[in-house]
Ligand SMILES: Cc1ncc(COP(=O)(O)O)c(C=O)c1O
C-alpha cells in the first residue's frame with residue numbers, strides 16, 4: 016500500500032537523523048590542529064529535521080514556521096510583536112525606517128535629525144542613520160564595558176537630537192537607567208540593537224524591552240541562528256504596523272502570504288488619492304522593501320529558540336572560565352566587566368592589551384591565529400576611520416573618541432559560544448602564556 020504523506024515525512028525525518036549522526040558526529044579536539052573558533056552554529060538533528068520538513072512544504076516564503084518563530088520569540092522576550100527579516104542589518108534598517116513612518120505624525124524622524132551612536136561597533140547599526148539622511152553623533156565608549164560612556168551622553172544632545180541607536184556591545188547591556196532618563200527628559204526615541212545580546216538582562220529585564228523598538232540577528236555567529244536572519248521586535252502597536260509594512264514592500268495590507276481580505280475591506284476603502292475600492296493588497300503606506308525570510312530559515316530558528324536558555328547558560332559559563340583563566344596574566348590585559356545591574360548573555364570575551372606591556376594586540380592575535388585560535392577585533396574599531404565613512408556627515412560629541420581609538424588599536428575578543436569546550440579554553444590560555452613568556456611578560 017502506498018505510504019501517506021505523514022508516513023513519508025516521518026520516514027524522511029528518521030533518515031535525516033541517521034544522516035546527521037554520520038555527517039555531524041563530534042570530532043575530538045586536537046590541540047594545534049583543530050581550530051578554536053570564536054563562534055559557530057550549535058545544532059542537532061532537530062534543526063536539520065525541521066529544515067527538511069519546511070522544505071517538503073515547498074511553501075518557500077514566510078509561512079507556518081515563521082509565524083511559530085515570531086510567537087515563540089515574543090513569548091521568550093515578552094515583546095508584543097516580532098517580525099522576522101532576512102538579517103540583523105535589515106532589522107536595523109526596518110527599525111530606523113519605522114521611526115520615519117507618517118503614522119508617527121510630528122514625532123517621525125526626518126532628514127537632518129541627529130541620532131546618538133557609537134563608532135566602536137558594527138557598521139550596520141549606524142548605516143541606516145546615514146542612509147536615511149540623518150546625522151550620527153558619535154559618543155566615546157568605556158574600556159571594559161565597551162558601551163557608550165553615559166557621562167558624555169547628555170553633553171552630546173542638541174536641539175536636533177531625536178533618537179539614540181545603540182547596540183548592547185558584545186552582549187553587555189548599556190546603562191539603561193541613565194539612558195532611559197535622558198530618553199524621557201529629551202523625548203528621544205531609543206532603538207536597542209540586541210543582535211549580540213539575546214538573553215542579556217538589565218535589572219532582571221531582557222534587553223530589547225526598554226527602548227521603543229529592538230533588533231536581533233540570527234547569523235551563525237549569534238546566540239541562535241537560522242543561517243541568514245534577523246528580527247525586529249516592539250511592544251508599540253504603531254511601530255509594529257510601520258515595521259511590518261516596511262518589511263513587506265511598504266504595503267498597507269497586513270495579510271500573511273497566501274491570505275486575502277483579512278481586513279474585510281479589500282475592495283471598499285479609500286487610500287491617498289487612489290480611486291475608492293483600489294485593491295488593498297496594492298496600497299502602499301510606506302516606502303518599503305521586501306526583507307522577509309523563507310520558512311526554511313524560520314524552521315531552523317524554531318528549534319534553535321528551544322535551545323536558547325541552555326545556550327545562554329553556556330555563554331555565561333564560558334565567560335566565567337575565561338575570566339578565571341586570565342587572572343594569572345596579571346595586569347597585561349584589561350578584562351571585560353558587566354555593566355552594573357546587568358547579567359550579560361555574552362557574545363564574546365573582549366580583552367584590551369594594557370599600555371606598555373611590550374607587545375601589541377596585533378602581535379598577540381597573529382600568534383593566536385597561527386596557533387589555531389580564532390580572534391576578532393571589536394568589529395569596525397573606530398567606524399570613522401573606515402574607508403566608507405570618510406567624509407560622511409556626522410558630529411563627534413565633546414570629549415572626542417580617544418577610547419574608541421584605544422579599542423581600535425588594542426582590543427580583540429575570544430569566543431564564548433556554546434560549542435567552546437573547557438579543553439579549548441585551557442589550550443588557548445596555554446598559548447597566551449607561551450606568547451607572554453616569549454615577550455618576557457609572564
Ligand atoms: C551589533 C550588531 N548589529 C548588527 C549586526 C548585523 O547582523 P547581520 O549579520 O545578521 O546582518 C551585527 C552582526 O554581527 C552586529 O554584531
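In this note's numbering, the protein residues as written are 16 to 457.
Where is the CB? At the ideal position from N, CA and C, for every residue including glycine.
Assumed close pair residue i, residue j - CB separation to whole angstroms, cut-off 8 Å
i           : j           : result
residue 85  : residue 97  : 5 Å
residue 427 : residue 380 : 5 Å
residue 100 : residue 245 : 5 Å
residue 374 : residue 454 : 5 Å
residue 125 : residue 115 : 7 Å
residue 272 : residue 78  : 7 Å
residue 261 : residue 304 : 7 Å
residue 170 : residue 412 : 6 Å
Beta-carbon proximity check, residue i vs residue j, cutoff 7 Å
i           : j           : result
residue 368 : residue 425 : yes
residue 103 : residue 210 : yes
residue 406 : residue 423 : no
residue 470 : residue 51  : With the chain represented from 16 up to 457, any question about residue 470 goes unanswered, as that position is not in the structure.
residue 240 : residue 56  : yes
residue 431 : residue 348 : no
residue 161 : residue 356 : no
residue 301 : residue 265 : yes
residue 257 : residue 113 : yes
residue 165 : residue 193 : yes
residue 105 : residue 323 : no
residue 221 : residue 377 : no
residue 180 : residue 132 : yes
6 Å Cβ shell around residue i - same chain, five flanking residues per side excluded
i           : result
residue 149 : 128, 130
residue 345 : none
residue 143 : 107, 108, 111
residue 35  : 60, 63
residue 229 : 207, 209, 223, 248
residue 360 : 186, 214, 215, 327, 330
residue 201 : 172
residue 451 : 457
residue 382 : 450
residue 137 : 394
residue 362 : 185, 186, 211
residue 155 : 164, 167, 414, 416, 418, 419
Proximal residues to residue i (C-beta, below 7 Å), its chain only, five neighbours per side dropped
i           : result
residue 311 : 66, 69, 70
residue 87  : 317, 320
residue 14  : Coverage of the chain is limited to positions 16 through 457, which leaves residue 14 absent and any answer about it impossible.
residue 388 : 51, 443, 446
residue 403 : none
residue 74  : 310
residue 24  : 68, 71
residue 340 : 440, 444
residue 336 : 437, 440
Between the CA atoms of residue j and residue i - distance to the nearest angstrom
i           : j           : result
residue 386 : residue 242 : 28 Å
residue 206 : residue 21  : 44 Å
residue 224 : residue 178 : 16 Å
residue 190 : residue 251 : 22 Å
residue 391 : residue 434 : 17 Å
residue 414 : residue 167 : 7 Å
residue 195 : residue 226 : 8 Å
residue 95  : residue 259 : 13 Å
residue 54  : residue 238 : 9 Å
residue 410 : residue 354 : 26 Å
residue 298 : residue 286 : 7 Å
residue 47  : residue 384 : 10 Å
residue 429 : residue 277 : 49 Å
residue 235 : residue 436 : 18 Å
residue 40  : residue 31  : 13 Å
residue 80  : residue 43  : 34 Å
residue 308 : residue 314 : 10 Å
residue 198 : residue 233 : 28 Å
residue 5   : residue 332 : Lying before the first or after the last residue shown, residue 5 is absent from the chain, which here runs from 16 to 457.
residue 146 : residue 33  : 48 Å
residue 188 : residue 408 : 28 Å
residue 281 : residue 263 : 17 Å
residue 231 : residue 29  : 32 Å
residue 283 : residue 289 : 12 Å
Sequence-distant residues of its chain with Cβ nearer than 8 Å to residue i (five each side left out)
i           : result
residue 26  : 18
residue 253 : 116, 118, 119
residue 421 : 158, 367
Distance cut-off 6 Å: residue i Cβ against heavy atoms of ligand 2
i           : result
residue 208 : Within the structure as shown, ligand 2 is missing, the only ligands being ligand 1.
Q) Can you list the alpha helix (DSSP H) stretches of 4 or more residues lying completely in the region 286-348, in chain order? A) 310-341
Next on the checklist: Which runs of the beta strand (DSSP E) at least 3 residues long sit entirely within the region 185-220? Give them in chain order.
Outcome noted: 204-208
Every unbroken beta strand (DSSP E) inside the region 132-160 [3 residues or more]: 150-153
- prompt: In chain order, which continuous runs of the alpha helix (DSSP H) of length 4 or greater are located wholly inside the region 406-442?
  reply: 417-425
| said: As an exercise, report each continuous beta strand (DSSP E) stretch of at least 3 residues that is fully enclosed by the region 233-279, in chain order. | reply: 245-249
(request) Enumerate, from N- to C-terminal direction, the unbroken alpha helix (DSSP H) stretches of 4 or more residues contained entirely within the region 349-394. (result) 376-385
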